[in-house]
Amino acid sequence: MDAKECFKWWRLGKCVIELYDQHAFKGTKCVITGNCPSLDRCSITEVRSCKVIRGVWKLWKGRGYNGDDYLLKVGEYPDHKALSDCKSTASAPAPAPVSDPAWSLKCLPFTIHLYEKVNFEGPNFETTVDHRSLDGCGIKEVRSCKVLSGVWDLYEGPDYAEPRYQLQKGEYPNPEAWGNGNTAPVLSVKRATSYKIQLYEKEDFEEGMHETTVDHRSLDGCGIKEVRSCKVLSGVWDLYEGPDYAEPCYQLQEGEYPSIFCPHLSLTAPALSVKRVTE
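Residue 141 in the working numbering sits at position 139 of the sequence shown; the count goes up by one each step and never skips.
Have a look at this one:
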């Protein structure tokens, strides 16, 4: 896969990692965009260095996702020392530097690091799944967090009881950073896996409408020619003025937008393509 093809996958929101069978990004290179239980299926036999282009990846020393693992964020890892410096899981220390290459890998579309105290201090817990309560997580509440990948919903009550705060990739040092003047801690968290948007050809939700739960690089076949208003029913969406996700791009949270030309969006033309925000 060349650089152009790699960029195409990146724009589509796919996880992308470059693998090398020698240190310092030398030797055979292989670009992966999905889970790989064994490198025997790829054009590379082992991983001794890598570049994470997009997403959060976990690499295992053994086939079939077995053995010690490394949790890698976007960045470059020229050797095993760089891999070993990465924390594997919240409950286990990172393995000591070794010479064993990685043999299997998996993309983690949802990863969040939760902290019991503000400013990323105190007991902490990292997860890739939903938690309707924090029982068994080693923390009593969440007062700061780091969203490594995906979009997450944080709830003030257990069992996903409102109020709710939707957070994208980034660092949130205290409850105030979650928005809406919040000062209370969080007691349950859930991945934002639901996406739905209603697109209208005219302002004020009039005339042709198309409802979708998937990306559209163009509006061909949607029954509308352009988007001038919309209702984001779930998830976070990017609207693009051009087809094929051509910039400029404007990001919309859940809510109703009777006109996409409102001052805080600053759109100057109707939207011609839409895409889910998955990280």
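The beta carbon of each residue, even a glycine, is placed where N, CA and C say it ideally should be.
- Message: Residues in the same chain with beta-carbon distance under 6 angstroms from E78, minus the five sequence neighbours each way, listed in chain order, please.
- Response: Hits under 6 angstroms: K53.
- Item | For D217, three-class secondary structure by DSSP | For D217, the three-state secondary structure derived from DSSP is coil.
- Message: So R219 and Y247 are supposed to be a Cβ contact under 8 angstroms. How far apart are they, rounded?
- Response: With a Cβ gap of about 6 angstroms, R219 and Y247 count as contacting.
- Task: At 3 residues or longer, and completely inside the stretch 204-261: list those beta strand (DSSP E) runs for me, N to C.
- Result: Along the stretch 204-261, the beta strand (DSSP E) occurs as fully enclosed runs of 3 or more residues at 211-214, 231-236, 239-242, 251-254, 257-259, listed in sequence order.
- Query: What is the C-beta distance between E249 and Y242, in whole angstroms, given that I count them as a contact (C-beta under 8 angstroms)?
  - Reply: That pair is a contact at about 7 angstroms.
- Task: Compare the Cα-Cα distances from L136 to each of H115, N121, V120, G152 and report the closest residue.
- Result: Its Cα nearest to that of L136, the residue H115 stands out among H115, N121, V120, G152.
- Message: Please classify V276 as buried or exposed, where buried requires at least 16 other C-beta atoms within 10 Å of its C-beta.
- Response: Label assigned to V276: buried.
- Taking DSSP as the reference, what is the three-state secondary structure of V131? Three-state DSSP puts V131 in coil, outside helix and strand.
- Would you call the CB atoms of Y283 and E164 closer than 8 angstroms? Absent from the structure is residue 283, since the part of the chain shown begins at 3 and ends at 281.
- How is W154 classed by DSSP in three states: helix, strand or coil? Looking at W154 - three-state DSSP - the assignment turns out to be strand.
- Task: Could you pull the start and end residues of the alpha helix (DSSP H) that L294 belongs to?
- Result: Given that the chain is displayed from residue 3 to residue 281, the structure contains no residue 294 and the question cannot be resolved.
- Can you give me the start and stop residues for the beta strand (DSSP E) that H115 sits inside? Note, H115: beta strand (DSSP E), 113-119.
- beta strand (DSSP E) containing K53: first to last residue? Unbroken beta strand (DSSP E) run through K53: 51-56.
- Cβ-based neighbour list, R145, same chain, cut-off 7 angstroms, excluding 5 preceding and 5 following: Only Y117, E118, K119, V120, N176, P177, P187 meet the Cβ criterion.
- Message: Please identify the residue among E203, P245, V234 whose C-alpha is closest to the C-alpha of G225.
- Response: With distances taken between Cα atoms, G225 lies closest to E203.
- Task: Report buried or exposed for Y72, applying the criterion of at least 16 other Cβ atoms within 10 angstroms of its Cβ.
- Result: The residue in question, Y72, is buried, as its Cβ has 16 or more Cβ neighbours within 10 Å.
- Task: Alpha carbon to alpha carbon, how far is C232 from C251? Give it in angstroms, no decimals.
- Result: Roughly 15 angstroms separates the two Cα atoms.
- Message: I'd like to know whether the C-beta atoms of V238 and Q168 end up nearer to each other than 8 angstroms.
- Response: Result yes, Cβ atoms of V238 and Q168 sit closer than 8 angstroms.
- Query: Quick one, which of A179, T280, R230, G181 has its alpha-carbon nearest A271's?
  - Reply: Answer by Cα proximity: R230.
- Query: Quick one: what's W105 bridged to in DSSP?
  - Reply: Paired residues: none, contrary to the question.
- Message: Just to confirm, is the Cβ distance from C139 to W59 under 8 angstroms?
- Response: No. Outside cutoff.
- Item | Collapsed DSSP secondary structure at D87 in the structure displayed | Coil.
- So what's D81 in DSSP terms, helix, strand or just coil? When secondary structure is reduced to three states using DSSP, D81 falls in the coil class, being assigned neither helix nor strand.
- Message: Helix, strand or coil for R43? Go by DSSP, reduced to three states.
- Response: Three-state DSSP puts R43 in a helix.
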